[in-house]
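Participant:
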Amino acid sequence: MKANITEYLRVNLDTEQWECRSCNNELAPARGNYKRGLLVYDRDPREIHKPLVDPKLYDYTFSPDPAYTALLEYYCPHCGTMIETEYTVPGHPPVHDIELDIDDLKKKVHAWGDIPDTPEIPDTPIERHVHNH
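In this note's numbering, the protein residues as written are -13 to 119.
(1) Given a cut-off of 8 Å on the beta-carbon distance, is the pair Pro76 and Ala56 in contact?
(2) Give the straight-line distance between the Cα atoms of Pro37 and Thr47, rounded to the nearest whole angstrom.
(3) Look at Tyr27 and Glu59 and say whether their C-beta atoms are less than 8 Å apart.
(4) For Leu(-1), name the three-state secondary structure that DSSP assigns.
(5) Checking the sheet assignment: what are the DSSP bridge partners for Trp4?
(6) Drop a sphere of 10 angstroms on the beta-carbon of Cys65, count the other beta-carbons inside from all chains shown, and report buried for 16 or more, exposed for fewer.
(7) Please state if the CB of Glu2 and the CB of Ile88 are separated by a distance shorter than 8 Å.
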C-alpha cells in the first residue's frame, strides 16, 4: 500500500519508507524525517533574492543576510528531483515538517484502497457565479 503525501513524496506503508514519486526509490524511514534521506544544498539566499541596492555602498541591501538566513534545497539522491526548500537559521537541523501517524494511515489507506498517482478528474466545466449590479 502506498499513499501520496506531496507532489514528490509518498509513503510505502508496507515497507514503512518514504519514496520519491519521480523515481520510486526509497529515501528514509517513514516514522522519521524524510529530509534525512535527501541531498541538501545550502544555498546563499542572495542568489535568489538579489540585493536591491549596491552592496558596496550599503550594509543592508534588502537581501537576506546569510549570517542569519539559511536557504536549504533538498534533492532526491537517486534522480535529482527537488523535493523541498526551506528557510531557516544557519546551523539549525532540518525542519521536521511532516510527521505521520503511520498506523492510522495504514488503516485509512486499507479502507480507501491505493491512491492512484494520477487521479481521474472529470472533464466538466466549472460553474462560475457572477454577481452583477
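Using N, Cα and C, we set each Cβ at its ideal position, and we do this for glycine too.
Facilitator: Taking the definition as stated:
(1) The count along the sequence shown starts at 1 and reaches residue 76 at position 90. The count along the sequence shown starts at 1 and reaches residue 56 at position 70. Yes; because the gap between Cβ atoms is below 8 Å, this pair is in contact.
(2) Here residue 37 refers to the residue found at position 51 of the sequence shown. Here residue 47 refers to the residue found at position 61 of the sequence shown. Between Pro37 and Thr47, the C-alpha separation is close to 5 Å.
(3) For this step, residue 27 is matched to residue 41 along the sequence shown. For this step, residue 59 is matched to residue 73 along the sequence shown. Contact flag set, yes.
(4) One-based indexing of the sequence shown puts residue -1 at position 13. Of the three classes helix, strand and coil, the one that applies to Leu(-1) here is coil, per DSSP.
(5) The sequence position of residue 4 within the sequence shown is 18, counting from 1. DSSP output for Trp4 lists Val(-3) and Ala14 as bridge partner(s).
(6) To locate residue 65, count along the sequence shown from 1; it is residue 79. When all chains shown are included, Cys65 counts as exposed.
(7) Translated into the one-based positions of the sequence shown, residue 88 becomes position 102. Translated into the one-based positions of the sequence shown, residue 2 becomes position 16. Cβ distance < 8 Å, so Ile88 and Glu2 count as in contact.
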